[in-house]
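**Q** Got a structure here, written out as structure tokens. Questions coming.
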Ligand SMILES: Cc1cc2nc3c(=O)[nH]c(=O)nc-3n(C[C@H](O)[C@H](O)[C@H](O)COP(=O)(O)OP(=O)(O)OC[C@H]3O[C@@H](n4cnc5c(N)ncnc54)[C@H](O)[C@@H]3O)c2cc1C
């Protein structure tokens with residue numbers, strides 16, 4: 206069950222959104238609508254069910270590497286997906302953003318380009334150093 210604050214409840218009430226106070230026991234899709242059976246015996250008929258599950262990112266590796274994390278445990282990156290530790294790039298849900306596939310793919314493209322350019326720059330510096 207989501208723990209709603211008094212303010213949340215007031216806002217929901219003002220918007221005409223009902224909040225079920227009991228956990229879900231089971232779903233019934235045998236009729237042309239979805240029927241929710243709550244643990245306290247309440248039965249609700251609805252047109253559509255949209256699950257809002259949320260997600261917890263596994264940042265254990267990031268913590269081991271010592272990269273800076275935001276308050277909500279995501280990796281902080283610059284505009285090129287670079288983390289605070291040189292050579293570490295991050296993309297997708299582990300970065301604070303919209304948790305969506307298209308966003309993760311965009312991050313990956315930006316990170317791959319930055320990685321490529323950073324390696325070329327580093328190779329250039331190595332070649333220059335060797336030549337001198
Ligand atoms: C139920 C649900 C429905 C969703 N529906 C949609 C939708 O309709 N449209 C949409 O755009 N997005 C949707 N999303 C969000 C979408 O799935 C994510 O935004 C997307 O998968 C993020 O991709 P990612 O590569 O960052 O992370 P993930 O897809 O989570 O991949 C991360 C991978 O890294 C692995 N991993 C983690 N730690 C380590 C480690 N230390 N070593 C090795 N491997 C590790 C994990 O096991 C996982 O396989 C949904 C998410 C959920 C949970």
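Numbering (our numbering), first residue to last: 206 to 337.
Heads up, the beta-carbon is just placed ideally off N, CA and C, and yes, glycines get one too.
Is it the case that the Cβ atoms of residue 308 and residue 288 are separated by a distance below 9 Å?
**A** No, these two residues do not count as a Cβ contact at 9 Å.
**Q** Should residue 312 go down as buried or exposed, given a rule of 16 or more other Cβ atoms within 10 Å for buried?
**A** With 16 or more Cβ atoms within 10 Å of its Cβ, residue 312 is classed as buried.
**Q** Kindly indicate the opening and closing residues of the beta strand (DSSP E) around residue 287.
**A** Here residue 287 belongs to no beta strand (DSSP E), and DSSP marks it neither H nor E.
**Q** Could you give the C-beta distance for residue 232 and residue 243, rounded to a whole number, given that I count them as a contact under 8 Å?
**A** Not quite, the Cβ-Cβ distance comes to about 11 Å (not below 8 Å), so this is no contact.
**Q** Beta-carbon within less than 8 Å of residue 278's beta-carbon, same chain only, minus the 5 sequence neighbours each way: which residues are those?
**A** Closer than 8 Å at the Cβ level, and outside the excluded window around residue 278, lie 262 and 264.
**Q** Closer than 8 Å: is that where the CB of residue 308 sits relative to any heavy atom of ligand 1?
**A** Yes, since a heavy atom of ligand 1 falls inside the 8 Å radius drawn around the Cβ of residue 308.
**Q** Could you tell me which of 259, 293 and 286 sits nearest to residue 269, measuring between CA atoms?
**A** Nearest option by C-alpha distance: 293.
**Q** Please report how far the alpha carbon of residue 256 lies from the alpha carbon of residue 298, in whole angstroms.
**A** For residue 256 and residue 298, the distance between alpha carbons rounds to 18 Å.
**Q** Is it right to say residue 282 is buried, meaning 16 or more other beta carbons lie within 10 angstroms of its own, or is it exposed?
**A** It counts as buried.
**Q** Return helix, strand or coil for residue 219, following the three-state DSSP convention.
**A** Note: residue 219 maps to helix in three-state DSSP.
**Q** Could you name the residues of the same chain whose beta carbon sits closer than 8 Å to that of residue 248, not counting the 5 residues immediately before and after it, in chain order?
**A** Excluding positions up to five away in sequence, the list reads 240, 241 and 242.
**Q** Is there at least one non-hydrogen atom of ligand 1 closer than 8 Å to the beta-carbon of residue 226?
**A** No, the beta carbon of residue 226 sits no closer than 8 Å to any heavy atom of ligand 1.
**Q** Can you give the Cα-Cα distance for residue 335 and residue 260, rounded to whole angstroms?
**A** One C-alpha to the other measures close to 48 Å.
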